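Before any comments, here is the structure.
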Amino acid sequence: MPKLNNFFDKTETVEKILTKKMHPQLVSIKNLEESKLQYRDIPQEDVEKLADLIELDGEVLQPLLVRKAGGDTYEILAGHKRYRACRYLTEKGLKQFSMIPCYVKSMTDAQAEFAVYSTNGYNRKSDYEIMREVEGMSRLLKENPELFPEAASGRLVEKLASIMNMSKTVVQEYKTIANNLSDDAMEKFKKDEITKESAKTLAALNNEEQAKVLSTGAVKTNEIKQAVAELKEPSNKDIELAYHHITSGLNMKKYVPGSVFENYLKDRCGRTHQYYGGTGLSFDCSLRGVAINRRKEITWHDFVSRAEKLGLYKPYDYVTESVTKNEPEEQLPGQDSILNHPEYLPDDNAISDNDKSENKEHEADNENKVRNEYLTDKLSGVKAIGRCPKCLGAVAYLTNPMCCGKCGNKLDWTFEK
Numbered sequence: 001m002p003k004l005n006n007f008f009d010k011t012e013t014v015e016k017i018l019t020k021k022m023h024p025q026l027v028s029i030k031n032l033e034e035s036k037l038q039y040r041d042i043p044q045e046d047v048e049k050l051a052d053l054i055e056l057d058g059e060v061l062q063p064l065l066v067r068k069a070g071g072d073t074y075e076i077l078a079g080h081k082r083y084r085a086c087r088y089l090t091e092k093g094l095k096q097f098s099m100i101p102c103y104v105k106s107m108t109d110a111q112a113e114f115a116v117y118s119t120n121g122y123n124r125k126s127d128y129e130i131m132r133e134v135e136g137m138s139r140l141l142k143e144n145p146e147l148f149p150e151a152a153s154g155r156l157v158e159k160l161a162s163i164m165n166m167s168k169t170v171v172q173e174y175k176t177i178a179n180n181l182s183d184d185a186m187e188k189f190k191k192d193e194i195t196k197e198s199a200k201t202l203a204a205l206n207n208e209e210q211a212k213v214l215s216t217g218a219v220k221t222n223e224i225k226q227a228v229a230e231l232k233e234p235s236n237k238d239i240e241l242a243y244h245h246i247t248s249g250l251n252m253k254k255y256v257p258g259s260v261f262e263n264y265l266k267d268r269c270g271r272t273h274q275y276y277g278g279t280g281l282s283f284d285c286s287l288r289g290v291a292i293n294r295r296k297e298i299t300w301h302d303f304v305s306r307a308e309k310l311g312l313y314k315p316y317d318y319v320t321e322s323v324t325k326n327e328p329e330e331q332l333p334g335q336d337s338i339l340n341h342p343e344y345l346p347d348d349n350a351i352s353d354n355d356k357s358e359n360k361e362h363e364a365d366n367e368n369k370v371r372n373e374y375l376t377d378k379l380s381g382v383k384a385i386g387r388c389p390k391c392l393g394a395v396a397y398l399t400n401p402m403c404c405g406k407c408g409n410k411l412d413w414t415f416e417k
């Protein structure tokens, strides 16, 4: 058996290597049959062009490579297009081409199959045909180490990559496509209806998921990738099941802000929480988000947002009412302040004009401070972040959401029962 590198040596053809020191013999075209191992499609136009050249030459200049197939028949291993061209000429009535020169070589099934792949090495090939060669040669080298001792070192992918002038990554991609692409997808790949990139994308799915993607009518690479992305997104049912399971031990209060809920889920579930049950639900949590039923991971923000859209969770009411703290009561028309009549106050409580002026300035400063801090929502149009679960007052003091500006109590956003 010739060395592996010789199969792709550009200085001489594989057929010359395989038939060295052999003499051709004429075989009737009726006794020749194409190998079932031949995987390449030969356009009829190419056959007719070659037939014209053979007719001009008056003979087949390069003999076919065949092996005995039983009885008087021979299996063609190399020269399928030359055989079809001679058959075309014979059908036209040119009987002189009914006897074709052939090299008859004794080969095992494995050697014959390998010869089919190797003798196609120089022709322009589709991605499907390259995949067939990679997978076929890989299988033969692995299953028949005694026939190919050079490949017995265990570096099969690396050896193939070197022989076929590809990176190891590309070789592995072709092997993945060959092993995982469904029959329907493989047929489209063979017919060049989908690209290698599309085939690689589909090969990452199981057969049922591949069928769903193909049923959308997607054929272009970007269309298939989009269909796969949508398929990988968790469904509404997935979100609902995961939400109920994750929050089963929580006391979900009505006015919990979404940002607080997200941070809580990240802290509580983000590091170790996972679930694999027999109820059609499984999920893995991380600090980034949650992957439900082995689908694409979504962030905690997206998880909370989708739960809200599904009506599972109501984060807060969007309100724009102002929030005040210790605002002075409005005086009724005609009402006077006792501070304006110090004569009615006890002497030790009397307030001088200077003290009264300073007090008014202090009250004005306090009132402006309260308005600046707690009426920001009303003045700027920023929506309140939620409601206090105790007094239901709007919480708009954005720099301190843990304190209610209306009742003054510390807000309790604890979820645990």
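With UniProt numbering applied, the sequence shown has no gaps in its numbers, which climb one by one up to 417 at the end.
From the three backbone atoms N, C-alpha and C, an ideal C-beta is built for every residue, glycine too.
Just so you know, these numbers come straight off a predicted model, no measurement behind them.
Spatial distance of residue i from residue j (CA atoms)
i, j, result
"N31", "S118", "24 Å"
"S167", "S235", "38 Å"
"N326", "F261", "Unreliable placement is indicated for N326, whose pLDDT of 49 sits below 50; no coordinate value is reported for it."
"T88", "F114", "With the sequence shown as reference, residue 88 is identified as Tyr, and Thr is not the correct amino acid for it. Straight-line Cα distance between these residues: approximately 28 Å."
"V104", "R67", "5 Å"
"K92", "E208", "49 Å"
"I54", "E129", "27 Å"
"G289", "K237", "17 Å"
"S126", "F189", "9 Å"
"G408", "A218", "59 Å"
"D57", "S35", "26 Å"
"K410", "A291", "35 Å"
"K378", "P257", "Its pLDDT being 39, under 50, K378 is placed unreliably in this model, and the coordinates cannot settle the point."
"E233", "I177", "23 Å"
"I194", "K220", "7 Å"
"E297", "E48", "55 Å"
"N222", "T216", "13 Å"
"E45", "A229", "41 Å"
"residue 438", "L214", "The first residue shown for the chain is 1 and the last is 417, placing residue 438 beyond what the model contains."
"D72", "V27", "9 Å"
"S259", "H301", "8 Å"
"M107", "E187", "30 Å"
"G64", "Y83", "Contrary to the premise, residue 64 reads as Leu rather than Gly in this sequence. If I take the Cα positions, the gap works out to 8 Å."
"G280", "R294", "11 Å"
"M137", "K266", "49 Å"
"Y276", "T247", "16 Å"
"A364", "C391", "With a pLDDT of only 47 at A364, under the threshold of 50, the placement of this residue in the model should not be trusted, and no figure is reported."
"L287", "Q274", "12 Å"
"Q38", "M22", "23 Å"
"Q111", "R139", "12 Å"
"N179", "N263", "43 Å"
"A227", "D109", "42 Å"
"F303", "L231", "17 Å"
"D52", "P24", "23 Å"
"C102", "K191", "31 Å"
Unbroken alpha helix (DSSP H) run spanning residue i, endpoints
i, result
"D192", "Neither: D192 is in no alpha helix (DSSP H) and is coded neither H nor E."
"I224", "221–232"
"Y117", "109–118"
"G258", "258–269"
"L241", "236–246"
"N180", "168–180"
"S215", "207–215"
"A204", "Per DSSP, A204 belongs to no alpha helix (DSSP H) and is neither H nor E."
Beta-carbon spacing of residue i, residue j below 8 Å
i, j, result
"I76", "E133", "no"
"L205", "I224", "no"
"L181", "E240", "no"
"K81", "L50", "yes"
"A161", "D184", "no"
"S86", "V116", "Note on residue identity: the sequence assigns Cys, not Ser, to residue 86. Contact: no."
"K175", "E143", "no"
"V157", "V171", "yes"
"I29", "I100", "yes"
"Y243", "A307", "yes"
DSSP beta-bridge partners of residue i
i, result
"residue 459", "Here the chain covers residues 1 to 417 and nothing more, so residue 459 does not appear."
"L141", "Per DSSP, none; premise fails for L141."
"D284", "Q274, A291"
"C102", "Q25, L64"
Min CB distance residue i to chain B below 8 Å
i, result
"C269", "Absent from the structure: chain B. Only one protein chain is present."
Where the beta strand (DSSP E) through residue i begins and ends
i, result
"Y275", "274–276"
**Q.** Every unbroken alpha helix (DSSP H) within the stretch 28–100, with a cutoff of 4 residues, ordered by chain
**A.** The alpha helix (DSSP H) runs lying completely inside the stretch 28–100 and spanning 4 residues or more are 44–57, 80–91, given in chain order.
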